[in-house]
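Those protein sequences? They're chains A and B, same order as listed.
Going by full-length UniProt numbering, 8 is the number at position 8 of the first sequence; the sequence numbering is gapless.
Going by full-length UniProt numbering, 44 is the number at position 44 of the second sequence; the sequence numbering is gapless.
Don't be surprised by glycine CBs; every beta carbon is placed ideally from N, CA and C.
There are 2 protein chains.
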Amino acid sequence: MPQVSVKNKLVEHAEDVFRRQGFNGASVQDITKAAGVPKGSFYNHFESKQALAAEIVRRYARSTDFSMLREEGPALERLRRHFAAQADRTRGTGVEFGCLLGTFANDSTTAGDQVQEAVRETLDAWTDAVAEIIAEGQESGEITKSRSAKTLATFLIDSFEGATLRAKTVSDQSVVADQLDIAFEALRP
Amino acid sequence: MPQVSVKNKLVEHAEDVFRRQGFNGASVQDITKAAGVPKGSFYNHFESKQALAAEIVRRYARSTDFSMLREEGPALERLRRHFAAQADRTRGTGVEFGCLLGTFANDSTTAGDQVQEAVRETLDAWTDAVAEIIAEGQESGEITKSRSAKTLATFLIDSFEGATLRAKTVSDQSVVADQLDIAFEALRP
Chain A
1 MPQVSVKNKL
11 VEHAEDVFRR
21 QGFNGASVQD
31 ITKAAGVPKG
41 SFYNHFESKQ
51 ALAAEIVRRY
61 ARSTDFSMLR
71 EEGPALERLR
81 RHFAAQADRT
91 RGTGVEFGCL
101 LGTFANDSTT
111 AGDQVQEAVR
121 ETLDAWTDAV
131 AEIIAEGQES
141 GEITKSRSAK
151 TLATFLIDSF
161 EGATLRAKTV
171 SDQSVVADQL
181 DIAFEALRP
Chain B
1 MPQVSVKNKL
11 VEHAEDVFRR
21 QGFNGASVQD
31 ITKAAGVPKG
41 SFYNHFESKQ
51 ALAAEIVRRY
61 ARSTDFSMLR
71 EEGPALERLR
81 RHFAAQADRT
91 RGTGVEFGCL
101 LGTFANDSTT
111 AGDQVQEAVR
121 ETLDAWTDAV
131 AEIIAEGQES
141 GEITKSRSAK
151 TLATFLIDSF
161 EGATLRAKTV
171 SDQSVVADQL
181 DIAFEALRP
């Protein structure tokens, strides 16, 4: 089934092209070139660059490692391991290219409804997953109850994304470690 | 001097085009069209889109209101007023378009050396300005000395940028207020 193969190639390579060039900076031709497929084949598989980008956002969300959150042990330790894994993931694909979700969040206003919806869904699902563990930490007395679990989860994620954005400008991830240290201290009762 | 006028028009309109479309998504033609000048006139004034973008970043930096930081009163209050003014500025130009500096930071890897340098300089100068007031707060006992003033300034700014990025995806700035509330609490001794 060569058609499936072409589609898979497009999906496989598009993530890297979007990460490096952003949604606005990546053309369909950039993606077909990276995938090594004819430009004309693109529209047999995706109705638009937007449709592919929305799929890439959801694929990125599906491949996010939430396993640390569900392990045994104190909530704060599980949360720290989860965010450390996110920082590792960003380092693995290049600190200078940042977090793919952050890149799409930045471009979401111009990228159209499909991408914007995928970004919102992904951010919401991530926030809910983190909030669930924060709620457990609030129950066990590890984490302050002064704010809702969701507000604190949003604070952690946005702290991570803000620091990852600065890290991108200097190709140095040390600001992310400092940011997370301070943010986690702020969660104490 | 009609040439000066064309240059001013380009600079005046480019900021809004870059804010809405990002560096990668904004073409020279988008900018000349928004400015109402012939496309061919662009290169009489700027050697490249990059050169104009770097000028726009520096212009945005120069027009940032640091006056609240230098007023009388407790350091924490001055810092809060400063960040509230930054949030107001973003609201004034459209929450859905985010912070212009954040947008350029996101695009800086692909935007070339001139833009990257302007973004780094602007982030560094902002961090230094905030750190100066944090150091005053540390001296007066308002702010924790557990970390350097520069590390805490980076934390505040990156908290703001991360929340402003999320606000962009939902066109709702309330996450920025929550983020700043928690971040400022984290500064207490």
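Per-residue DSSP class, three states only, for residue i
i: R188 of chain A; result: coil
i: T154 of chain B; result: helix
i: V37 of chain B; result: coil
i: I143 of chain B; result: coil
i: E161 of chain B; result: helix
i: D172 of chain A; result: coil
i: F46 of chain A; result: coil
i: D65 of chain B; result: coil
i: A167 of chain A; result: helix
i: G25 of chain A; result: helix
i: E15 of chain A; result: helix
i: S5 of chain B; result: helix
i: E71 of chain A; result: coil
Residue i to residue j span [Cα, whole Å]
i: K9 of chain B; j: A54 of chain B; result: 16 Å
i: L76 of chain B; j: G141 of chain B; result: 11 Å
i: D30 of chain A; j: K49 of chain A; result: 11 Å
i: Q41 of chain A; j: A125 of chain B; result: Reading off the sequence shown, one finds Ser at residue 41 of chain A, where the question assumed Gln. Computed Cα separation, rounded: 48 Å.
i: G25 of chain B; j: R19 of chain B; result: 10 Å
i: G94 of chain B; j: F83 of chain B; result: 16 Å
i: S67 of chain B; j: A85 of chain B; result: 10 Å
i: A35 of chain B; j: D128 of chain A; result: 44 Å
i: L52 of chain A; j: A111 of chain A; result: 11 Å
i: T154 of chain A; j: V37 of chain B; result: 44 Å
i: T122 of chain A; j: V57 of chain A; result: 8 Å
i: C99 of chain B; j: T144 of chain B; result: 28 Å
i: L156 of chain A; j: T32 of chain A; result: 37 Å
i: L69 of chain A; j: R80 of chain A; result: 9 Å
i: R188 of chain B; j: E71 of chain A; result: 32 Å
i: E96 of chain A; j: S171 of chain A; result: 5 Å
i: E117 of chain A; j: E139 of chain B; result: 47 Å
i: Y60 of chain A; j: S63 of chain B; result: 38 Å
i: residue 193 of chain A; j: V28 of chain B; result: Because residue 193 of chain A is not part of the residues shown, which for chain A are 1 to 189, the question remains open.
i: H13 of chain B; j: S174 of chain B; result: 29 Å
i: V119 of chain B; j: S146 of chain B; result: 28 Å
i: V17 of chain A; j: D65 of chain B; result: 37 Å
i: F46 of chain B; j: V11 of chain A; result: 38 Å
Endpoints, the alpha helix (DSSP H) within which residue i is located
i: K49 of chain A; result: K49 to R62
i: F83 of chain B; result: A75 to T93
i: G102 of chain A; result: L100 to A111
Burial state of residue i, where buried means 16 or more other Cβ atoms lie within 10 Å
i: N44 of chain B; result: exposed
i: D113 of chain A; result: exposed
i: A177 of chain A; result: exposed
i: E185 of chain A; result: exposed
i: E15 of chain A; result: buried
i: K39 of chain B; result: exposed
i: R78 of chain A; result: buried
i: K168 of chain B; result: buried
i: K7 of chain A; result: buried
i: S5 of chain A; result: exposed
i: R166 of chain B; result: buried
i: residue 260 of chain B; result: Residue numbering for chain B in the displayed model covers 1 to 189; residue 260 of chain B lies beyond these limits and cannot be assessed.
i: G137 of chain B; result: buried
i: G22 of chain B; result: buried
i: D158 of chain A; result: buried
i: G73 of chain A; result: exposed
- Message: Closer than 8 Å is the cut-off here; do at least three beta carbon pairs connect the stretch 171 to 185 of chain A with the stretch 97 to 107 of chain A?
- Response: no
- Query: Does the stretch 132 to 141 of chain B come close enough to the stretch 161 to 169 of chain A to have 3 or more Cβ pairs within less than 8 Å?
  - Reply: no
- Please determine if the stretch 88 to 95 of chain A and the stretch 150 to 159 of chain B are in contact, where contact requires at least 3 C-beta pairs separated by less than 8 Å. Judged by Cβ distances under 8 Å, the stretch 88 to 95 of chain A makes no contact with the stretch 150 to 159 of chain B, as fewer than three pairs qualify.
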